[in-house]
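A quick write-up on the structure given underneath.
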Amino acid sequence: MGIKLSEIEEGSPISLQIYNSENKMQMGAVLKQHVKENIVLISLEYDTTRKLNFDNVRIDMEYTYDDGVPIIWRNVRVVNYREDYAMQVFSDGSRHNRRGCFRVSVAMNATLSMVGRTPQQITVRDLSLSGFSISDRKKELGLSVGDRLEIKFEDMGHYLDLKGKVVRIQEEEDMIIYGLETYNLCKDLSSYISLKQRRKGNK
């Protein structure tokens with residue numbers, strides 16, 4: 000039994016997985032208003048005054064419930080509509096196993112920024128095209144599911160600036176591990192993961 004688009008509450012955060020023949024990118028959005036059972040108005044979390052065109056790409060839409068289970072709608076359509084965008088789905092959503100995205104081990108220090116907080120140093124454990132995880136050895140971050148943050152670090156000539164939403168919290172004896180879903184575009188991410196994979200394969 001699939002999940003209806005109409006079951007998502009207005010104001011909920013969603014993410015768009017955007018593909019062309021060469022690249023994949025992820026973009027955060029907010030479901031603003033239901034128009035029909037399969038059509039909604041959305042606003043994109045993308046810093047530009049220029050209207051985006053989605054004609055020549057494939058788009059999947061993902062929504063994550065409070066329990067961390069992602070639901071995916073495949074091959075959705077997004078078009079300009081007045082000040083925002085309209086999104087249409089052609090089938091029900093289904094539970095999505097995100098572990099299909101290849102994860103690479105990182106183990107790099109990064110700067111974590113959140114609204115209303117002083118920047119902190121954390122360790123990035125691993126990342127993929129759709130998300131990343133960080134470790135908190137001092138157990139002082141105190142993050143909750145749904146919290147949004149930004150991490151920045153440099154490695155192997157790549158500059159990573161990732162915005163993420165906490166979707167999983169795992170408490171270990173010596174640390175807390177937070178799993179995050181990425182919701183911004185990072186142009187260095189795909190080539191960084193490819194380079195990490197190649198280096199691992201050459202060892």
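Just so you know, numbering that gives the first Met the number 0 puts 47 at position 48 of the sequence shown, and the rest follows in order with no gaps. Even glycine gets a Cβ: it sits at the ideal position worked out from N, Cα and C.
Using a C-beta cut-off of 8 Å, the segment 75-94 makes no contact with the segment 172-192, since fewer than three inter-stretch Cβ pairs fall below that distance.
Taking the C-beta atoms as reference points, V123 is found nearer than 7 Å to V105. The segment 130-148 makes contact with the segment 156-175; the number of CB pairs closer than 8 Å reaches 3 or more. K199 sits in a helix when the DSSP states are folded into three classes. The three-state reading of DSSP puts S5 in helix, counting H, G and I together.
In summary, G27 is buried, with 16 or more beta-carbon neighbours lying within 10 Å of its beta-carbon over all protein chains present. Excluding residues up to 5 positions away in sequence, V103 lie with their Cβ nearer than 6 Å to the Cβ of K195 in the same chain. Cβ neighbours of K138 within its own chain (closer than 6 Å, five residues either side excluded): I175. Distance from the Cα of N22 is smallest, within the candidate group I70, D187 and K199, for D187.
Under the DSSP definition of a beta bridge, Y177 partners with I133 and I168.
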